[in-house]
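Quick note, the sequences are listed as chains A and B, same order. For the numbering used here, count along the first sequence from 1 and bump the result up by 3. For the numbering used here, count along the second sequence from 1 and bump the result up by 429. Ideal Cβ placement from N, Cα and C applies to all residues, glycine included. Owing to the predicted nature of the structure, the values given are computational and were not obtained by experimental measurement. Structure, as structure tokens:
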Amino acid sequence: MGNFEVKINTFIENFITYNGYVKVIDGLKNTLLIAVSGLIIGILIGTLIATVRVIPKYKLLPRILNGFCSFYVSLFRGTPIVVQLLVFYYVLLPLMGINITPVNVSILVFGLNSGAYISETMRSGIMSVDSGQMEAGRAVGLSFSTTMMKIVIPQAVKNILPTLGNEFIALIKETSVVSFVGALDLYVAFNNIGSSSYEFMVPYLVMAMIYIVLVLIISAGIKIMERSLRKSDRRN
Amino acid sequence: MIDVINLEKKFGNNKVLNGISVTINKGDIICVIGPSGSGKSTFLRCLNCMEDPTGGQIIFNGVDITDFKVDINIHRRKMGMVFQHFNLFNNKTVIQNIMLAPVYVQCQDLKKTKHKNNLIKFTNIFKSANKKKELLPITTSKAQIKQEAREQALNLLKRIGLEDKADVYPSTLSGGQKQRVAIIRSLAMNPEVILFDEPTSALDPEMVGEVLDLMKSLAQDGMTMIIVTHEMGFAKEVANRVLFIDEGLILESAAPKEFFENPKHPRLKEFLSKVL
Ligand SMILES: Nc1ncnc2c1ncn2[C@@H]1O[C@H](COP(=O)(O)OP(=O)(O)OP(=O)(O)O)[C@@H](O)[C@H]1O
Ligand SMILES: [Mg+2]
């Protein structure tokens, strides 16, 4: 065990004395930033796609939009996220002459990617709302999109909140691949500490613990949110 | 007020309405009865184009609303609809249910007027002083619209004795209360006609009376109503005309006395002998 003590001391030295913690905090910030922004973009895109997919398809325009959305979803669900990151950072954006930071590329790609996944969740959420809700909205003269925004989607979101929470947790975990395009996240920060002393055991152990704590905190947050929402059902 | 001309509706190959023609005048209270699956709901839902007719015309105040070029939402605001299963907005409180559409519609109109005024102001820049166009008058504000809608909603709730339920969610109401709220929700748009699709069929028997009473009081106020119902007693008492629909056709249309005491069509005779 003496050996392990040495490793811990090395880590502490690197973490505190040589300012390793600065990068860890930056990495944590980026991890959270990418996951949270990705989730928000994902919810917006996912809601939009889900709405397009439930529009009645008598007319040409909804059909075209629907085809485009199906293509989008199968594209982002059918390829690994690492590949998407690499293609955006090294191929698509340079071809379009756009130059943005690795963190911003990660936000973009994680947003687009989770949009594809959330669209399916959101669609099932929308389908679970009684069709009478849409009918009642249309019957008082509200348009399809107004009824969707004010009546159907709020109820759908409530139904799928647990799934959205899981999506957020999945995002937090998946962001650990952003180092492929050179973004500084938790993994890169701890990897740096490890490589400076050729000693990886303790840094990676601490990294794993941080991920676990993050996920536990988020899970607890979701539970609290669900409970307060259920209360509003019964409120008198 | 509403002229239905040769209305047809097909679902795929299933022809549900086979050419219905009827005229509904202001103040009419028309009850529609008929066997299950005869197309009563489909007929009613075609009247405000919740189902798009596949043939014929519906002339509402001179406009053929089956025309796809017509903005149906504007006309639906003048045609209330009450459903068998109430369909109150679950994510809104009772008073929000009532205020939502009136507030939204008036705020939209306000926004449009403001946009138009901005356009006038812009074009005025290029006009000589004596040719400047006047701005459209704006007599209200968002806050005022909300305030007025709120007062109206509270008055309507008072009318049905549920003002203490203004801030609860629909899930806490009884069936009869839900349906009465649904009825005043459609009243809040000041409609010219209200369509009812079996408004009491999903209610426990002891709650049917309160809903029918509210409908009677609307009738006394002169509201035009078209009611699909199985409540023969109500039809006899309140309607000024009763329609019998079977297999997508109006087989009989008469005043209630004549309709129930002296039915002509053999199918209606058979139907009445079963249900009365
Ligand atoms: N959206 C739909 N798609 C396909 N068929 C439908 C649809 N709505 C109604 N139908 C069919 O149209 C026919 C008439 O239905 P409708 O609901 O108008 O009858 P109804 O007279 O209201 O009956 P009930 O008294 O049971 O309510 C039925 O055979 C039904 O299966
Ligand atoms: Mg019916």
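In chain order, the residues with a C-beta atom nearer than 5 Å to some heavy atom of ligand 1 are F440(B), V445(B), S465(B), G466(B), S467(B), G468(B), K469(B), S470(B), T471(B).
The distance from the Cβ of T20(A) to that of E202(A) is about 15 Å, inconsistent with a contact at the 8 Å cut-off.
From the listed residues E437(B), H544(B), G456(B), A530(B), the smallest Cα separation to I623(B) is found for G456(B). Below 8 Å, too few C-beta pairs join the region 531-549 of chain B and the region 689-697 of chain B to call them touching: fewer than three.
A683(B) is not a Cβ neighbour of R696(B), given a cutoff of 9 Å. Taken through DSSP and simplified to helix, strand or coil, K439(B) comes out as strand.
Here DSSP, grouped into helix, strand and coil, assigns G509(B) to strand. Q158(A) and A558(B) have their C-alpha atoms spaced approximately 54 Å apart. With fewer than three CB-CB distances shorter than 8 Å, the region 65-81 of chain A does not count as touching the region 146-163 of chain A. At least one heavy atom of ligand 2 lies less than 8 Å from the C-beta of D626(B).
Between ligand 2 and the CB of Q513(B), the shortest heavy atom gap is smaller than 8 Å.
The residues E202, M204, V205, in chain order, have a CB closer than 8 Å to that of K10(A) in the same chain once the five nearest residues on each side in sequence are set aside.
Contact between M661(B) and L705(B) holds: CB atoms are separated by about 6 Å, below the 8 Å threshold. Here M479(B) is buried, its C-beta having at least 16 other C-beta atoms within 10 Å. By the CB criterion at 9 Å, T471(B) and D481(B) fall outside the cutoff.
Per DSSP, reduced to three states, the secondary structure at T483(B) is coil, with no helix or strand assignment. Put simply, the backbone Cα of R614(B) is about 54 Å away from that of I28(A). Proximity of the beta carbon of V704(B) to ligand 2 is not indicated: no heavy atom of the ligand is located closer than 8 Å. Per DSSP, M654(B) is one residue of the beta strand (DSSP E) stretching across 653-657.
C-alpha of A617(B) to C-alpha of E577(B): approximately 11 Å in a straight line. Distances from the alpha-carbon of K541(B) to those of V597(B), N442(B), I554(B), L564(B) put L564(B) closest. For L145(A), the closest Cβ of chain B is nearer than 9 Å. Secondary structure of D29(A) (DSSP, three-state): helix.
Here P464(B) is near F700(B), since their CB atoms are less than 9 Å apart.
In this structure, the beta-carbon distance from I37(A) to A186(A) falls below 9 Å. Beta-bridge annotation (DSSP): S200(A) is not paired with any residue.
Taken in chain order, the members of the region 587-606 of chain B whose beta-carbon sits within less than 7 Å of a beta-carbon on chain A are V597, Y598, S600, T601. If you look at C478(B), you'll find it isn't in any beta strand (DSSP E); DSSP assigns it neither H nor E. Proximity of the beta carbon of V132(A) to ligand 2 is not indicated: no heavy atom of the ligand is located closer than 8 Å.
The region 504-585 of chain B contains, as complete beta strand (DSSP E) runs of 3+ residues, the segments 508-511 (chain order). Inter-residue distance for K556(B) and K575(B) is about 37 Å (C-alpha atoms, whole angstroms).
Identification of chain B residues near E8(A) by a Cβ-Cβ cut-off of 9 Å yields none; the smallest Cβ-Cβ distance measures about 58 Å. In the structure shown, T104(A) falls within a coil segment according to DSSP collapsed to helix, strand and coil. Ligand 2 has a heavy atom closer than 8 Å to the beta-carbon of V657(B). In this structure, DSSP gives T82(A) a state outside helix and strand, which the three-state scheme calls coil. For V671(B), the three-state secondary structure derived from DSSP is strand.
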